[in-house]
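To start, the structure itself, in structure tokens.
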Amino acid sequence: MRMKIQRYDIELHYVPGKYLYLADTLSRATSTDNKITESEDKFDEEVEAHVGLLRMHLNATDHKVMEIQKATSEDAVCNSLSFYIKNGWPNSIKRVQPIVQHYHKFQNELTEYRGLIYKRDKLIIPLNCRPDLLSKLHYSHFGVNKTKNKARLRFYWPGMARDIEKMILSCNICMTHRKNNPQEPLISHDILNLVDYYSKYIEIAKLEDSTSSNQVIVHLKSIFARHGIPDVVMSDNGPQFTSKLFKKFSQEWEFQHITSSPLYPQSNGLVERNVQIVKNSLIKAKQTNRDMYLVLLHYRNSPIEGINFSPAQLLMGRTLRATLPINESLLIPTTPNKNLVKNALRKRQESQRYYYIRGTKSLYPLKHRQKIYVKTQLKDKEWRPATIENRKEQPRSYMFKNSEGDS
441 MRMKIQRYDI
451 ELHYVPGKYL
461 YLADTLSRAT
471 STDNKITESE
481 DKFDEEVEAH
491 VGLLRMHLNA
501 TDHKVMEIQK
511 ATSEDAVCNS
521 LSFYIKNGWP
531 NSIKRVQPIV
541 QHYHKFQNEL
551 TEYRGLIYKR
561 DKLIIPLNCR
571 PDLLSKLHYS
581 HFGVNKTKNK
591 ARLRFYWPGM
601 ARDIEKMILS
611 CNICMTHRKN
621 NPQEPLISHD
631 ILNLVDYYSK
641 YIEIAKLEDS
651 TSSNQVIVHL
661 KSIFARHGIP
671 DVVMSDNGPQ
681 FTSKLFKKFS
691 QEWEFQHITS
701 SPLYPQSNGL
711 VERNVQIVKN
721 SLIKAKQTNR
731 DMYLVLLHYR
741 NSPIEGINFS
751 PAQLLMGRTL
761 RATLPINESL
771 LIPTTPNKNL
781 VKNALRKRQE
791 SQRYYYIRGT
801 KSLYPLKHRQ
811 KIYVKTQLKD
821 KEWRPATIEN
831 RKEQPRSYMF
841 KNSEGDS
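Numbering of the sequence shown is given in our numbering, commencing with residue 441 and proceeding in unit increments.
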């Protein structure tokens, strides 16, 4: 019955029985004919057709499907699962073979068709196929949580999360490039890195001349032509962004251009975090001879921690087809509920804010012509006198003039 109604999106509303006039009438006039109707007789065929649909919609090459089928047929656990799926499960878990007792608690979620076993829409991977699949899951060398979230959308086997952790902790490339306690220097601007503030979707472009406004503008036009022109573009204070040419570009393409505080990249924190993601991914891809664009594709498909939607789902409303086998139903475009996403983002930001503000102190806002002392860089040992000129659009940002008259 559950499989027959999976095609529908059902909304349940409670109605008191006294208002269900038709249902009440029919319940008092039950049929005395016990013959099996033609539609009931075809129930098994419908179930088989539905499970067949799952198989046909497994987005993988025929060679890969045959490989998993062969491994499934040779796997003792999968053979036992197939037996119980076809012949029924014992009521007591004690009567189930020990190697498949783990599956007893969700026996109603298991299906088998043409040599493939599913837990709902997730493919159960036999033991011999797991090393190759783990390698593909870790193709981009992302962290434990991103890799787990990606796997949970597609596959299932007992201890999958533990296997992923073990694989990543034993990965020489990942261990070599783990974050250090001191801050790393910022990446040089030979890579143009864009990130969407809402979806965290990343676009990158290689720059031959990092100071050329022309190159930056050409790449931005290409990206905006694909995704649309944003309302606001926030950048650092590099010469390619502060030039008259870029100002003209922002006016012609009608977007507001805001720059972060000079010599203080933390004021554009999201971009700086993504700079590190791209930088580390490029290094790992180069050392392992991986395709950087596949790495980027896997990142865009990886669910964001605490939100459970990937950047591609948030920006495009769909999961992008990649090299991992996936049930085709998961590739159907669906629009995430914006309220749920915003609430999840808010909780995530509140959690980050809680840990950040523990070591902070609020300061009074500064006024026009107010005398102050500044450090232009955090590594400076001395404070230097300056005067507030005006307040900028960004929060806690000011234009000041130092004692030498420089702004």
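Cβ atoms here follow ideal geometry from the backbone N, Cα and C, with glycine treated the same way.
Would residue i and residue j be called neighbours here (beta carbons separated by less than 8 Å)?
i: K545; j: F595; result: no
i: P743; j: K590; result: yes
i: R824; j: Y838; result: no
i: I669; j: E694; result: yes
i: T587; j: G555; result: no
i: V672; j: I698; result: yes
i: L634; j: L647; result: no
Using DSSP bridges, identify the partner residues of residue i.
i: K815; result: DSSP, once it has assigned bridges, lists no residue as partnering K815.
i: V672; result: Q696
i: A826; result: I812, N842
i: A645; result: L632
i: F595; result: L563
i: R831; result: Y838
i: K558; result: The sequence shown places Tyr at residue 558, not Lys. Answer by DSSP bridge pairing, in chain order: T551, L563.
Among residues of its own chain, excluding the 5 on either side of residue i, which ones have a beta-carbon nearer than 7 Å to its beta-carbon?
i: S580; result: S721, V735, H738, Y739
i: L755; result: D636, S639, Y641
i: M600; result: A591
i: Q727; result: I613
i: E549; result: K559, R560
i: H542; result: P598
i: N621; result: The predicted position of N621 is uncertain, since its pLDDT is 46 and thus under 50; no value can be drawn from it.
i: V584; result: I604, E605, I608
i: N741; result: K590, S750, A752, T759, L760, A762
i: P456; result: none
Report the residue from the options whose alpha carbon sits nearest the alpha carbon of residue i.
i: V711; options: E694, S675, Q691; result: S675
i: I772; options: V814, K687, L760; result: L760
i: G575; options: E605, E822, S843; result: Per the sequence shown, the amino acid found at residue 575 is Ser instead of Gly. The residue with the shortest Cα to Cα distance from S575 is E605.
i: R786; options: K590, R824, G746, K458; result: G746
i: F689; options: S653, Q716, N677; result: S653
i: R560; options: V455, H697, L593, R535; result: L593
i: S769; options: K719, E451, A500, I533; result: A500
i: F664; options: Q789, I644, E648, T682; result: I644
i: V718; options: E692, F681, L764, D630; result: D630
i: K815; options: A826, L780, K782; result: A826
i: I508; options: S843, L764, Q810; result: L764
i: D515; options: N531, T774, I557, I450; result: I557
i: N767; options: V505, Y454, L452, R831; result: V505
i: Q810; options: N842, H659, E790; result: N842
i: T774; options: G757, P456, L780; result: G757
i: Q547; options: V781, I564, E822, W529; result: W529
i: A725; options: H578, N527, K782, S532; result: H578
i: R730; options: N633, Q537, F582, L460; result: F582
i: N519; options: K661, Q537, H503, S700; result: Q537
Excluding the 5 residues preceding and the 5 following residue i in the sequence, name in chain order all residues of the same chain whose CB lies nearer than 8 Å to its CB.
i: V517; result: I539, V540, P566, L567
i: N748; result: N589, A784
i: N779; result: none
Just to confirm my understanding: we take residue i, look at its own chain, exclude 5 residues before and 5 after, and list those with CB closer than 6 Å. What are they?
i: P625; result: Bear in mind that a pLDDT of 47 at P625, under 50, signals an unreliable position, so the model cannot answer this.
i: M496; result: Legend: pLDDT at M496 = 47, less than 50; position of this residue unreliable, value from coordinates given subsequently. Counting only Cβ-Cβ distances below 6 Å, and skipping sequence neighbours, we find nothing.
i: V552; result: According to the sequence shown, residue 552 is Glu rather than Val. Closer than 6 Å at the Cβ level, and outside the excluded window around E552, lie S522, I525.
i: K687; result: none
i: S683; result: S653
i: I627; result: In this prediction, I627 has a pLDDT of 46, which is less than 50 and means its spatial position is unreliable; what the coordinates show is noted afterwards. These residues qualify, in order along the chain: V715, K719.
i: N830; result: M839
i: R666; result: none
i: R788; result: G746
i: R713; result: none
May I ask you to verify whether the region 519-533 touches the region 567-580, counting CB pairs closer than 8 Å and requiring at least 3? no
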